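Chemist: Sending over a structure as structure tokens; questions will come in a sec.
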């Protein structure tokens with residue numbers, strides 16, 4: 001049954017994005033909001049809106065009972081979770097389905113399976129997706145961890161089997177390190193997730209972060225090529241590209257084909273992303289995890305393929321078949337997205353909520369700005385700092401960088417500090433221009449004072 | 461009587477973590493630079509330090525309450 005009344009269980013820029021997609025499909029939109037978000041742009045744009053609780057996310061956007069009740073009470077027949085909050089909560093997906101509504105994402109069982117690192121890795125291996133050499137399953141105890149590490153090879157990463165989001169990851173360079181770190185990791189995992197099980201894998205040195213966008217309808221699955229997201233600070237992506245120019249055609253085809261094999265193997269429904277580490281020296285890629293939701297950086301993929309991924313996920317999760325075959329999906333040019341956060345990059349990225357002043361949004365061919373700002377809007381301090389994303393498309397990577405630099409010069413967000421100066425500096429940085437970086441590149445570059453130097457026009 | 465104010469809007473916490481006791485209790489001595497609480501703003505925790513010395517009287521807002529920039533968080537005598 002196609003979705004006719006879509007409940008948006010999220011906020012900020014992604015809520016705005018989902019409303020636009022749904023309106024384009026002729027679907028009625030119902031926006032959830034917390035007491036702190038009554039004025040947000042998505043509430044103004046949606047056909048209907050409903051307050052789901054207090055400002056505190058655990059009482060509103062993370063409250064499964066309140067969300068499902070609000071969706072039912074407003075007569076929704078579909079629920080879009082966006083990203084973050086409840087997007088990858090099996091309990092939420094299950095409650096939505098049990099209440100008789102379509103969840104815009106995979107089934108609760110798939111979310112659960114792919115959310116567990118060990119289960120996800122087993123599914124990937126079974127589908128022929130290369131994985132990082134690591135423990136066969138969960139590891140309990142320090143001696144067992146040392147034995148596994150000897151086989152896998154140092155340096156080795158120690159993670160919580162039940163964990164997520166890069167929390168509590170430790171890297172041991174030798175056995176003495178490992179024997180010191182494993183008990184700490186175990187205690188931390190037990191405290192954070194109620195499960196002290198560990199998971200070990202080889203630490204790939206100076207890798208690039210490459211990911212593949214997939215979409216499934218529960219039977220068939222396709223890919224929309226890859227993204228390059230190595231520019232990260234504190235494991236948060238700041239600048240994302242599509243495609244990854246560092247890949248040759250053979251590697252790209254293998255990467256994307258195996259991603260589709262995994263999506264089909266788990267009868268995936270909705271939009272999903274397989275994340276990989278890529279070693280440019282050996283051209284090896286290793287699956288790390290799957291995100292069972294739409295991602296922040298999906299627009300770069302939309303720019304190079306011309307497909308509206310949010311509309312497509314709403315359609316397939318309403319029961320439709322994929323609207324395109326793999327051979328109909330092609331890539332043109334190069335796209336870059338930068339994340340604009342309400343932070344002062346020149347003051348250790350201090351959060352900077354406040355009232356939005358004059359807005360000047362760059363326009364033109366190949367420029368897109370996904371955001372939830374309007375003049376006079378007070379940005380609440382209770383949620384994350386993402387204000388919007390500036391996305392550009394060019395014929396080549398060099399073109400796209402030049403277009404991004406020009407668009408950033410045009411962009412003005414008055415009244416608050418944003419990370420725009422960081423992106424202006426990155427667009428000028430020789431390593432970025434040369435496509436010569438990896439996931440460990442940005443933080444040392446910042447620590448070395450490059451941003452301050454660049455922001456002062458080359459003067460220290 | 462001195463007031464300690466919040467430099468930023470956010471959520472004010474009396475304790476370093478939910479399991480620990482509050483940073484200060486009534487009667488505690490406060491020296492300049494002492495942390496009296498945390499303000500969570502956009503998922504970042506900012507330490508609130510006293511700019512004056514004195515004796516802690518009370519928190520002016522509840523633990524885990526939303527606060528605006530400039531709101532009085534605690535009082536010193």
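Residue numbers (our numbering), protein chains in the order written: chain A, 1 to 460; chain B, 461 to 537. Built from N, CA and C at the ideal position, the CB exists for glycine as well. Bear in mind that the values here come from a model prediction, so they are computed numbers and not experimental data.
Buried or exposed, going by whether 16 or more other CB atoms sit within 10 Å of the CB of residue 330 (chain A)?
Modeler: It is exposed - the Cβ of residue 330 (chain A) has fewer than 16 other Cβ atoms within 10 Å.
Chemist: Consider the C-beta atom of residue 228 (chain A) and the heavy atoms of the ligand NAD; say whether any pair is separated by less than 7 Å.
Modeler: As presented, the structure is devoid of all ligands, the ligand NAD included, so that no description of it is given.
Chemist: Look at the alpha carbon of residue 75 (chain A) and the alpha carbon of residue 8 (chain A), and state the distance between them as a whole number of angstroms.
Modeler: Spanning the two alpha carbons is a distance of roughly 13 Å.
Chemist: Would you mind reading off the limits of the beta strand (DSSP E) that contains residue 495 (chain B)?
Modeler: Note, residue 495 (chain B): beta strand (DSSP E), 495-501.
Chemist: Between A:254, A:389, A:192 and A:377, which lies nearest to residue 241 (chain A) when the distance is taken from Cα to Cα?
Modeler: Comparing Cα positions, the closest option is A:389.
Chemist: Run through the DSSP bridge pairs and tell me what residue 202 (chain A) is partnered with.
Modeler: Residue 202 (chain A) pairs with A:156.
Chemist: Out of curiosity, what's the CA-to-CA distance linking residue 45 (chain A) and residue 312 (chain A)?
Modeler: Looking at the two C-alpha atoms, the distance is approximately 21 Å.
Chemist: Which one or two residues does DSSP pair with residue 491 (chain A) in a beta bridge?
Modeler: It is not possible to answer for residue 491 (chain A), since the shown part of chain A is limited to 1 through 460.
Chemist: Between which two residues does the alpha helix (DSSP H) containing residue 193 (chain A) stretch?
Modeler: First-last of the alpha helix (DSSP H) with residue 193 (chain A): 175-193.
Chemist: Mind checking who residue 462 (chain B) pairs with in its DSSP beta bridge?
Modeler: Per DSSP, B:536.
Chemist: Here's the rule I'm using: 16 or more other beta-carbon atoms within 10 Å means buried, otherwise exposed. How should residue 216 (chain A) be labelled?
Modeler: That one is buried.
Chemist: Give me the chain A residues within the contact set of residue 481 (chain B), using Cβ-Cβ distance strictly less than 8 Å, ordered along the chain.
Modeler: Near residue 481 (chain B) there are no residues of chain A at all, since even the closest Cβ is about 19 Å away, more than 8 Å.
Chemist: Assuming residue 17 (chain A) contacts residue 384 (chain A) (C-beta within less than 8 Å), just tell me the rounded distance between them.
Modeler: Contact doesn't hold; Cβ gap of about 15 Å is too wide.
Chemist: Using a Cβ-Cβ cutoff of less than 7 Å, which residues in the same chain neighbour residue 310 (chain A) once the five nearest sequence positions on both sides are dropped?
Modeler: Around residue 310 (chain A): 17, 18, 21 and 294.
Chemist: Less than 8 Å between the C-beta atoms of residue 278 (chain A) and residue 214 (chain A), yes or no?
Modeler: No, the Cβ-Cβ distance between residue 278 (chain A) and residue 214 (chain A) is not below 8 Å.
Chemist: Restricting to runs no shorter than 4 residues, where is the alpha helix (DSSP H) found entirely within the stretch 378-412 of chain A?
Modeler: Taking only runs of at least 4 residues, the alpha helix (DSSP H) segments lying wholly in the stretch 378-412 of chain A are 397-410.
Chemist: When burial is assigned at 16 or more other CB atoms within 10 Å of the CB, is residue 199 (chain A) buried or exposed?
Modeler: Residue 199 (chain A) comes out buried.
Chemist: Could you name the residues of the stretch 76-89 of chain A whose beta carbon sits closer than 7 Å to any beta carbon of chain B, in the order they occur along the chain?
Modeler: Residues passing the 7 Å Cβ filter: none.
Chemist: Distance cutoff 8 Å, beta carbons only. Does residue 532 (chain B) sit that close to anything in chain A?
Modeler: No, residue 532 (chain B) does not count as interfacial toward chain A.
Chemist: Would you call the stretch 101-121 of chain A and the stretch 24-40 of chain A in contact, with 3 or more CB pairs under 8 Å?
Modeler: Contact fails: fewer than three Cβ-Cβ distances are below 8 Å.
Chemist: What does DSSP give as the partner residues of residue 450 (chain A) in its beta bridges?
Modeler: The partner list for residue 450 (chain A) (beta bridge, DSSP) is empty, contrary to what the question assumes.
Chemist: If contact means a Cβ-Cβ distance below 8 Å, which residues of the stretch 462-477 of chain B contact chain A?
Modeler: Going along the stretch 462-477 of chain B in chain order, one finds 468, 469, 470 and 471 with a Cβ nearer than 8 Å to chain A.
Chemist: Residue 384 (chain A) CB to nearest chain B CB: under 8 Å?
Modeler: True, the Cβ-Cβ gap to chain B drops below 8 Å.
Chemist: Beta carbons nearer than 7 Å to chain A: which residues of the stretch 484-505 of chain B have them?
Modeler: The residues in question are 501, 502, 503 and 504.
Chemist: Is residue 437 (chain A) helix, strand or coil when you go by DSSP?
Modeler: Looking at residue 437 (chain A) - three-state DSSP - the assignment turns out to be coil, as it is neither helix nor strand.
Chemist: What do you reckon, are the CB atoms on residue 3 (chain A) and residue 78 (chain A) nearer than 8 Å?
Modeler: Cβ distance < 8 Å, so residue 3 (chain A) and residue 78 (chain A) count as in contact.
Chemist: Straight-line CA distance for residue 203 (chain A) to residue 156 (chain A)?
Modeler: If you take the alpha carbons of residue 203 (chain A) and residue 156 (chain A), they lie about 5 Å apart.
Chemist: Does the stretch 128-145 of chain A come into contact with the stretch 177-195 of chain A, if we say contact requires no fewer than three beta-carbon pairs (one atom in each stretch) closer than 8 Å?
Modeler: Yes, the stretch 128-145 of chain A is in contact with the stretch 177-195 of chain A.
Chemist: Classify residue 375 (chain A) as helix, strand or coil using the three-state DSSP reduction.
Modeler: DSSP places residue 375 (chain A) in coil when its eight states are reduced to three.
Chemist: Taking a contact to mean a Cβ-Cβ separation below 8 Å, would you say residue 254 (chain A) touches residue 229 (chain A) in this structure?
Modeler: No, the Cβ-Cβ distance between residue 254 (chain A) and residue 229 (chain A) is not below 8 Å.
Chemist: Is it the case that the Cβ atoms of residue 118 (chain A) and residue 182 (chain A) are separated by a distance below 8 Å?
Modeler: Not closer than 8 Å, so no.
Chemist: Comparing alpha-carbon positions, which option in A:396, A:404, A:430 and A:436 lies nearest residue 454 (chain A)?
Modeler: The shortest Cα separation from residue 454 (chain A) among A:396, A:404, A:430 and A:436 belongs to A:430.
Chemist: Closer than 9 Å, Cβ to any Cβ of chain B: which residues of the stretch 328-361 of chain A, in chain order?
Modeler: Listed in sequence order: 341, 342, 343, 349, 350, 351, 352, 353 and 354.
Chemist: Could you please give the first and the last residue of the uninterrupted beta strand (DSSP E) stretch that includes residue 223 (chain A)?
Modeler: Residue 223 (chain A) -> beta strand (DSSP E) spans 221-233.
Chemist: Residue range of the alpha helix (DSSP H) that residue 90 (chain A) falls in?
Modeler: Per DSSP, residue 90 (chain A) belongs to the alpha helix (DSSP H) from 90-98.
Chemist: Considering only DSSP beta bridges, list what residue 369 (chain A) is partnered with.
Modeler: Per DSSP, A:390.
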